[in-house]
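S.K.: Please read through the structure below; I'll follow up with questions.
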Amino acid sequence: MYALSGLTLNEKGLFYYHPENSSIFFMITDDHIKIAEVMGFNYEELEAAKEYEEFFKLLYLNQFFRPSKFAHDISEGGSKILGDLSIYISKNPCNKGYTKRNVEDMYGSLKEFDLEGKINELNEIYPKRNLCKISGSDILEFYPEFNKTNLQKGFERFNQSFKDLYERLRFFHLRTKKEIAEHFINVYQEQETEILTY
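Our numbering runs 3 ahead of the 1-based position in the sequence shown.
Next up, the structure:
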């Protein structure tokens, strides 16, 4: 549905993936009602559709649903629901039009999540991704008392403190090297304190 937009829906929510690097992404929302609305569905009707066929009927009528994308040879295996959907499509042929959506088309319906602002920010900081690093010597420059034998452990903790690469890029973009080193030390010390309290 969102092939042209960079938007992807999975069981966790609606995400935006950078078109040049799929490891850089952010969650837009995990609100199922809002997601259904953005996709052109009535959430109550979706909730009421308990059987596959009831759901397929709603899906089939949706202006963004493209049947040809989901018709495949079910003998190849794969997901049961996709196999059942393919059978439904073959039994209910329909030459229907469908609407394509570019990411810009989504700005209005997702305005409350500032999708446009986040994408613009990502496009600004993405070319600076090579700045998204800090070295052990940088840490020791600001914190010479830090035990350098703990640098590897510290970097593991530091890297895990970001939920995704987008958050890491944004963090590096908005902070000085000294602030980054301070975050490194804080993350390291917080986890040391947690370990000691167990």
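Cβ coordinates follow ideal geometry from the N, Cα and C atoms, glycine included.
#1: Give the single residue among A51, E119, Y101 whose Cα lies nearest to the Cα of Y63.
#2: Compare the Cα-Cα distances from I32 to each of M109, L85, F67 and report the closest residue.
#3: Does the segment 175-184 come within contact of the segment 133-143, defined as at least 3 CB pairs closer than 8 Å?
#4: Would you give the residue range spanned by the alpha helix (DSSP H) that I142 belongs to?
#5: Since F29 is in the beta strand (DSSP E), which residue starts that stretch and which ends it?
#6: Hey, would you say V235 sits closer than 7 Å to G9, going by beta carbons?
#7: Within the same chain, show all residues whose beta-carbon is closer than 8 Å to that of H35, passing over the 5 residues directly before and after it, in chain order.
#8: Between R171 and V190, is the Cβ-Cβ spacing less than 7 Å?
#9: If you drop the 5 nearest sequence neighbours on each side, which residues of the same chain put their C-beta closer than 7 Å to that of D87?
#10: Kindly list the residues whose CB is nearer than 8 Å to the CB of L118, restricted to its own chain and excluding five residues on each side of it in sequence; keep chain order.
#11: Look at the alpha carbon of F68 and the alpha carbon of I92, and state the distance between them as a whole number of angstroms.
#12: Do you know whose CA, among I188, F174, Y169, lies nearest S26's CA?
#13: Spatial neighbours of K174 within its chain, please: C-beta separation below 7 Å, excluding the five flanking residues on both sides.
#14: What residues are listed by DSSP as bridge partners for F18?
#15: Can you give me the C-alpha to C-alpha distance between E127 and F28, rounded to a whole angstrom?
M.R.: This is what the structure holds:
#1: Your numbering for residue 63 matches position 60 in the sequence shown. Minimum Cα distance to Y63 is reached at Y101.
#2: By one-based count along the sequence shown, residue 32 stands at place 29. According to the sequence as given, residue 32 is Thr; it is not Ile. Of the listed residues, the one whose Cα sits closest to T32 is M109.
#3: Taking 8 Å as the limit for Cβ pairs, the verdict is that the segment 133-143 does touch the segment 175-184.
#4: Position 139 of the sequence shown, counted from the first residue, corresponds to residue 142. Under the DSSP assignment, I142 falls in the alpha helix (DSSP H) whose first and last residues are 139-145.
#5: On the sequence shown, position 26 is the one that residue 29 refers to. Residue range 24-32 is occupied by the beta strand (DSSP E) that includes F29.
#6: An answer regarding residue 235 cannot be provided, because it is not within the stretch 4 to 201 covered by the chain.
#7: Your numbering for residue 35 matches position 32 in the sequence shown. Excluding positions up to five away in sequence, the list reads Y46.
#8: Residue mapping note: residue 171 aligns to position 168 of the sequence shown, counting from 1. Residue mapping note: residue 190 aligns to position 187 of the sequence shown, counting from 1. V190 sits away from R171, with the two beta carbons spaced by 7 Å or more.
#9: Position 84 of the sequence shown, counted from the start, is the residue given in the question as residue 87. Excluding residues within five positions, the ones whose Cβ falls inside 7 Å are Y55.
#10: Translated into the one-based positions of the sequence shown, residue 118 becomes position 115. Once the five neighbours on either side are set aside, the close Cβ partners of L118 are Y19, I31, V106, M109, Y110.
#11: As a first step, residue 68 is located in the sequence shown; it is residue number 65 there, counting from the start. As a first step, residue 92 is located in the sequence shown; it is residue number 89 there, counting from the start. Their Cα atoms are separated by approximately 12 Å.
#12: Stepping through the sequence shown from its first residue, residue 26 is reached at position 23. The candidate whose alpha carbon is nearest that of S26 is Y169.
#13: As a position in the sequence shown, residue 174 is number 171, starting the count at 1. Going by the sequence as given, residue 174 is Phe instead of Lys. Sequence-distant partners of F174 (beyond 5 residues in either direction) whose C-beta falls short of 7 Å from its own C-beta, in its chain, are F165.
#14: Along the sequence shown, one-based indexing puts residue 18 at 15. Partner residues in the beta bridge of F18, as assigned by DSSP, are T11, M30.
#15: In the sequence shown, residue 127 corresponds to position 124, counting from 1. In the sequence shown, residue 28 corresponds to position 25, counting from 1. Straight-line spacing of the CA atoms in E127 and F28 works out to 14 Å.
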